[in-house]
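K.L.:
In order, the protein sequences belong to chains U and C.
Each position in the first sequence, counted from 1, maps to that position plus 132 in the working numbering.
Each position in the second sequence, counted from 1, maps to that position plus 1 in the working numbering.
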Amino acid sequence: MKIAVLVKQIPDPSGVGKLDPTTHLLVRDQGELVLDPGDSYGIEAALEIAGAGENQVVAISMGPEGAVDVIRKAMAMGAAEGVLISDERLRGSDALATARVLAAAVKKAEPDLLIACTESTDGYTGIVPAAIAELLGWPSLTFAKHLEVTGSKVQIHRQTPEGHDVVEADLPAVVTVTGGINEPRYPTLKGIVASRSRPLEQPSLEDLGIDPATVGAAGSAQKIVKVEPAAQREGGEVIEDDGSGAQRIADYLAELKVI
Amino acid sequence: MARIFVFTELSGSELSPVSQEVLTKARQLGDVEAVILDPQAAGATAAAGQFGAQTVYIGADKAYREFVAQPAAAALADLVEQHHPDLILFGATYDARDICARASAKLGLTVVANATDVEAQGGGFAAASSIFGGTQNVLTELSGPSPCVLMRPKSVTAEPASGGPPKVVEVALPESAPRGARRLDSVVAPASGPTLEEARVVVSGGRGLQDPANFELLEKLAALLHGAVGASRAVVDAGWVPYARQVGQTGKTVKPDLYLACGISGAMQHTVGMKGAKHIVAINRDRDAPIFKICDLGVVGDALKVLPALIAELESRGVSG
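1) Between the stretch 55-68 of chain C and chain U, which residues of the former have CB atoms less than 8 angstroms from a CB of the latter, in chain order?
2) Where does residue 297 (chain U) sit, in a helix, a strand or coil, going by DSSP?
3) Within this structure, are the beta carbons of residue 71 (chain C) and residue 178 (chain C) separated by less than 8 angstroms?
4) Tell me, please, whether the stretch 210-220 of chain U touches the stretch 244-256 of chain U by the rule of three or more beta-carbon pairs shorter than 8 angstroms.
5) Can you list, in chain order, the residues of its chain with a C-beta nearer than 6 angstroms to that of residue 116 (chain C)? Leave out the 5 residues immediately preceding and following it.
6) How many Å lie between residue 388 (chain U) and residue 274 (chain C) at the Cα?
7) How do the stretch 258-276 of chain C and the stretch 326-335 of chain U stand: do at least 3 beta-carbon pairs fall below 8 angstroms, yes or no?
8) State the DSSP-derived secondary structure class of residue 390 (chain U), mapped to helix, strand or coil.
9) Over the uninterrupted alpha helix (DSSP H) stretch that includes residue 271 (chain C), give me the two end residues.
10) Classify residue 92 (chain C): buried if its beta carbon has 16 or more other beta carbons within 10 angstroms, exposed otherwise.
11) Using beta carbons (cut-off 8 angstroms, strictly below), is residue 276 (chain C) in contact with chain D?
12) Considering residue 340 (chain U), what are the terminal residues of the alpha helix (DSSP H) in which it resides?
13) Between residue 144 (chain U) and residue 163 (chain U), how many whole angstroms is the CB-CB distance? I'm expecting something under 8 angstroms.
14) Quick check: is the beta carbon of residue 260 (chain C) nearer than 8 angstroms to any beta carbon in chain U?
15) Is the distance from the Cβ of residue 262 (chain U) to the Cβ of residue 309 (chain U) below 8 angstroms?
16) I'd like to confirm the pairing. Which residues does DSSP put opposite residue 289 (chain C) in its beta bridges?
17) Here's a check: name, in chain order, each residue in its chain whose Cβ is nearer than 6 angstroms to the Cβ of residue 298 (chain C), leaving out the five neighbours to either side.
18) So the alpha helix (DSSP H) residue 101 (chain C) belongs to, where does it begin and stop?
19) Would the beta-carbon of residue 301 (chain U) fall within 8 angstroms of that of residue 183 (chain C)?
20) Do you know whose CA, among C:49, C:75, C:224, lies nearest residue 201 (chain C)'s CA?
21) Across which residues does DSSP place residue 289 (chain U) in a beta bridge pair?
22) Return the residue from the list C:250, C:156, C:118 that minimises the CA-CA distance to residue 255 (chain U).
23) Which same chain residues end up closer than 6 angstroms to residue 281 (chain U) when comparing Cβ atoms and leaving out the 5 residues on each side of it in sequence?
24) Relative to the C-alpha of residue 360 (chain U), which residue among U:353, U:142, U:285, U:153 is closest?
25) According to DSSP, is residue 6 (chain C) part of a helix, a strand, or is it coil?
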């Protein structure tokens with residue numbers, strides 16, 4: 133069985149992101165670029181399903197050349213191979229254009245299961261995985277907080293507002309996982325060394341049979357036309373807790389008539 | 002007039018709160034046509050009309066509940082191909098996000114997720130959203146056929162319109178539509194009190210609570226204040242509480258009268274989901290935590306000491322929940 137996992141390189145989410153004032157594209161050269169923390173749950177889920185047998189995990193990413201770092205990180209955790217689609221013509225891709233590229237790469241890799249995180253931490257649209265599933269004609273099982281594969285079926289516990297639904301589908305399928313579904317492993321030193329020699333494919337758009345007119349800014353029917361700083365909230369009184377903090381909060385709640 | 006489709010959802014048998022909000026927004030933009038795909042759709046047409054839908058397309062096939070996203074996406078895509086709406090609005094719910102993703106991929110429609118507003122612009126539409134933890138607002142102009150916008154709950158105040166009963170059109174589930182992932186069971190977690198979105202008081206916890214067991218303190222405080230319990234991403238990622246509790250950019254937006262942040266540092270990714278609260282109280286050990294820059298009352302101290310003291314203080318004042 134082969135499991136594909138989507139990974140994404142994003143600006144360190146603990147920093148403040150920035151858009152280029154003229155192109156309105158993400159400024160990627162400031163701050164540290166990291167593996168999206170959400171993706172580590174997807175990688176771990178894929179590795180757990182793969183287990184120790186002949187199953188293989190392939191990490192797939194679309195992004196600038198430097199995104200090879202996050203594929204290597206997935207390999208250091210245990211992924212056997214990687215695919216990076218990197219092309220200037222992909223700049224400015226919306227969710228659908230991104231899904232087109234990734235769906236073509238997934239199709240070529242021929243996995244039985246594709247795992248992604250529920251939404252990226254930077255763009256957070258949460259659209260790409262289910263759009264890939266539609267383009268491939270596969271079922272999508274999203275918001276998983278529990279995941280298991282038995283034979284040719286995949287079953288998840290899908291987060292709902294009230295609890296969860298038990299959802300099942302035949303493979304191949306797309307699954308998205310929520311944070312906290314597992315405890316992602318740390319790369320070992322041995323894993324880091326091994327990751328350097330694992331196979332990495334870098335197919336071109338042509339290799340994937342993608343018409344450049346359907347991706348990038350050209351293939352995306354949306355454009356950011358205005359960026360402005362959001363209004364910030366003003367801070368109020370801050371006190372040190374000398375034992376009277378609770379009383380002060382209770383007084384405030386009474387003032388607000390919450391109690 | 003522009004034709005605006007609203008993918009309209011039910012909670013139970015009623016029109017969902019977010020669908021009421023989205024219908025309210027839609028009628029500022031054009032003629033509203035609601036699409037309701039749910040076994041109980043027929044019962045909600047009048048309510049959709051009250052919120053401004055002039056036409057309601059209903060599909061009551063039980064496949065819409067039994068299977069996740071695929072049948073609804075196929076039926077919605079069929080309707081879009083027949084009617085070519087100028088815009089399709091959705092509430093950003095678990096189900097609508099998947100249905101929107103699949104329908105948009107099927108038809109090649111662009112999608113803006115996490116919108117807080119939509120406006121007419123240059124003969125088409127533009128969606129406003131908030132990025133980088135709410136530090137910047139962007140306006141995205143939409144083009145191409147039937148662009149899709151997912152609106153974050155609580156972005157618009159729902160207001161009924163004065164329209165008459167809508168025209169109701171029944172639509173059949175396309176026979177060729179793949180069914181896909183099947184719901185085998187629905188598990189409702191035991192819960193008391195209001196939901197996170199509805200609650201007037203939200204008590205949230207983060208890493209500063211040190212141990213998942215300490216969320217009991219929040220449960221107890223929330224019960225006293227008739228509130229709901231929320232959480233930061235850090236503790237959701239750590240598996241302490243489910244994703245449904247997460248407040249923030251990747252999570253829920255709440256706008257309660259009072260938000261009590263306990264042991265939450267206040268990273269922008271969290272504050273974007275709660276800074277619309279009327280009043281914010283924060284308890285955190287770190288005097289420099291960013292949460293203190295946006296709260297109305299901040300207490301620099303250990304949440305594990307302040308919370309039990311606060312519960313005792315409230316009880317001594319006769320607050321019993």
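Quick reminder that beta carbons are idealized off the backbone N, C-alpha and C, glycines included.
In this text, all values refer to a predicted model and were calculated from it rather than measured experimentally.
P.N.:
By the coordinates alone:
1) none
2) In the first sequence, the residue the question calls residue 297 (chain U) occupies position 165. DSSP places residue 297 (chain U) in strand when its eight states are reduced to three.
3) Residue numbering aside, residue 71 (chain C) sits at position 70 when the second sequence is read from its first letter. Residue numbering aside, residue 178 (chain C) sits at position 177 when the second sequence is read from its first letter. Contact flag set, yes.
4) no
5) Residue mapping note: residue 116 (chain C) aligns to position 115 of the second sequence, counting from 1. Sequence-distant partners of residue 116 (chain C) (beyond 5 residues in either direction) whose C-beta falls short of 6 angstroms from its own C-beta, in its chain, are 128, 130, 150, 152.
6) Along the first sequence, read from residue 1 onward, the residue named residue 388 (chain U) stands at position 256. Along the second sequence, read from residue 1 onward, the residue named residue 274 (chain C) stands at position 273. If I take the Cα positions, the gap works out to 22 angstroms.
7) no
8) Along the first sequence, one-based indexing puts residue 390 (chain U) at 258. Residue 390 (chain U): coil per DSSP, three-state reduction.
9) As a first step, residue 271 (chain C) is located in the second sequence; it is residue number 270 there, counting from the start. Where residue 271 (chain C) is concerned, the enclosing alpha helix (DSSP H) stretches over 269-272.
10) As a first step, residue 92 (chain C) must be located in the second sequence, where it is residue number 91. Under this definition residue 92 (chain C) is a buried residue.
11) Protein chains U and C are contained in the structure displayed, whereas chain D is not.
12) As a working note, residue 340 (chain U) is residue 208 in the first sequence. Careful: residue 340 (chain U) lies outside any alpha helix (DSSP H) and carries neither H nor E.
13) Numbered from 1 along the first sequence, position 12 holds the residue referred to as residue 144 (chain U). Numbered from 1 along the first sequence, position 31 holds the residue referred to as residue 163 (chain U). That pair is a contact at about 5 angstroms.
14) Your numbering for residue 260 (chain C) matches position 259 in the second sequence. No - not a single Cβ of chain U is within 8 angstroms of the one on residue 260 (chain C).
15) Indexing the first sequence from 1 puts residue 262 (chain U) at position 130. Indexing the first sequence from 1 puts residue 309 (chain U) at position 177. Not in contact: residue 262 (chain U) and residue 309 (chain U) (Cβ atoms no closer than 8 angstroms).
16) Counted from its first residue, the second sequence places residue 289 (chain C) at position 288. Bridge partners of residue 289 (chain C): none, in fact.
17) Against the second sequence, residue 298 (chain C) aligns to sequence position 297. Cβ within range, chain order: 282.
18) As a first step, residue 101 (chain C) must be located in the second sequence, where it is residue number 100. Per DSSP, residue 101 (chain C) belongs to the alpha helix (DSSP H) from 95-108.
19) The residue you call residue 301 (chain U) lines up with position 169 of the first sequence. The residue you call residue 183 (chain C) lines up with position 182 of the second sequence. Note that the C-beta distance between residue 301 (chain U) and residue 183 (chain C) is below 8 angstroms.
20) Taking the first residue of the second sequence as position 1, residue 201 (chain C) is located at position 200. The option with the nearest alpha carbon to residue 201 (chain C) is C:224.
21) Your numbering for residue 289 (chain U) matches position 157 in the first sequence. Beta-bridge pairing links residue 289 (chain U) to U:278, U:298.
22) Residue numbering aside, residue 255 (chain U) sits at position 123 when the first sequence is read from its first letter. Minimum Cα distance to residue 255 (chain U) is reached at C:250.
23) In the first sequence, the residue the question calls residue 281 (chain U) occupies position 149. The residues are 181.
24) Taking the first sequence and counting its residues from 1, one reaches residue 360 (chain U) at position 228. Of the listed residues, the one whose Cα sits closest to residue 360 (chain U) is U:153.
25) For the purposes of this step, residue 6 (chain C) is identified with residue 5 of the second sequence, where counting begins at 1. Three-state result, residue 6 (chain C): strand.
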